[in-house]
Amino acid sequence: MRGGHNQTHNTVERRRHLDSFYVGKIRRAIKANGMDCDTYEDKGNGVSIVLSLDSMTYDGIKVEFSFQHVGYGTHDRCFFLCPACGERFRYIYIIKHKGRRVSLSRNCAKLNYRSQQITHGTEECAYRMKRLLRDKFHVTEDLAPIDAQCYIPNRPRGMRKKTYIRLMEELERVQQEYYEAFIQGAARIIGLL
Ligand SMILES: [Zn+2]
440 MRGGHNQTHN TVERRRHLDS FYVGKIRRAI KANGMDCDTY EDKGNGVSIV LSLDSMTYDG
500 IKVEFSFQHV GYGTHDRCFF LCPACGERFR YIYIIKHKGR RVSLSRNCAK LNYRSQQITH
560 GTEECAYRMK RLLRDKFHVT EDLAPIDAQC YIPNRPRGMR KKTYIRLMEE LERVQQEYYE
620 AFIQGAARII GLL
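If you're matching positions, the sequence shown starts at 440 in the working numbering and goes up one per residue.
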């Protein structure tokens, strides 16, 4: 297995995941006692869990349940519903997304992690492109990175032609770097690298 893939795999594995079969057992005990919900503590990290009959709230993150009828069993099997793809999963991952924690299926957690890798690789180039456009070419528009990547600024009034050409070469280099970082990240996502 290639290093890159392995790395992604491990990173997802190391994230906190919860087992709906285990949670389902506790839920049944709550139901058997004639209760609607109960509060627990996830030992080891001091996170509080509120279990109700149709959902679980893990440290403030709500996860809905979905039940599957098992023909031979005496009870329905409990699954988590991934809020991103709406599919049923036994395991749900608690991960950080844009600074806040969310619950996601393994597939969605992986995609999320990979898209963060793209952002990470291109972030620095995007910053340099924007800074150059703003400080040297006086572009006041707030450009999205993808637009900054192909932006051709006019020569600002008072700037010498020679300076303009030099700065344009510098800008083109950064734009090319951004493009390459973006393609690399995208290729990683679709499994070409
Ligand atoms: Zn999902």
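Virtual Cβ for every residue (Gly too), placed ideally from N, Cα, C.
Minimum C-alpha distance to residue i - residue among the options
i           : options               : result
residue 539 : 594, 500 and 567      : 500
residue 524 : 516, 509 and 546      : 546
residue 548 : 620, 562, 560 and 532 : 532
residue 623 : 489, 502 and 559      : 559
residue 597 : 576, 610 and 612      : 576
residue 495 : 463, 581 and 605      : 463
residue 456 : 513, 484 and 534      : 534
Cβ-based neighbour list, residue i, same chain, cut-off 8 Å, excluding 5 preceding and 5 following
i           : result
residue 578 : 572, 590 and 592
residue 433 : Within the shown structure, residues of the chain are numbered from 440 to 632, placing residue 433 beyond reach of any answer.
residue 458 : 529 and 530
residue 600 : 594
Boundaries (first-last residue) of the beta strand (DSSP E) holding residue i
i           : result
residue 501 : 500–507
residue 488 : 486–491
residue 479 : 476–481
residue 578 : Here residue 578 belongs to no beta strand (DSSP E), and DSSP marks it neither H nor E.
residue 540 : 539–543
residue 497 : 494–497
residue 517 : 516–520
Nearest-angstrom Cβ-Cβ length linking residue i and residue j, presumed shorter than 8 Å
i           : j           : result
residue 617 : residue 565 : 6 Å
residue 491 : residue 478 : At roughly 10 Å, the Cβ-Cβ gap does not stay under 8 Å, so residue 491 and residue 478 are not in contact.
residue 544 : residue 526 : 6 Å
residue 521 : residue 504 : Their Cβ separation, rounded to whole angstroms, is 12 Å, which puts residue 521 and residue 504 out of contact at 8 Å.
residue 476 : residue 465 : Not a contact, Cβ separation roughly 11 Å.
Segment limits, alpha helix (DSSP H) that includes residue i
i           : result
residue 586 : 584–587
residue 460 : 459–471
6 Å Cβ shell around residue i - same chain, five flanking residues per side excluded
i           : result
residue 625 : none
residue 603 : 594
residue 498 : 486
residue 621 : 561
Cβ-based neighbour list, residue i, same chain, cut-off 7 Å, excluding 5 preceding and 5 following
i           : result
residue 444 : With a pLDDT of only 38 at residue 444, under the threshold of 50, the placement of this residue in the model should not be trusted, and no figure is reported.
residue 481 : 488
residue 508 : 515
Quick one: residues with CB closer than 6 Å to any heavy atom of ligand 1, in chain order, please.
Selection around ligand 1 by beta-carbon proximity, strictly under 6 Å to any non-hydrogen atom, yields 521, 523, 524, 526, 543, 544, 546 and 547 in chain order.
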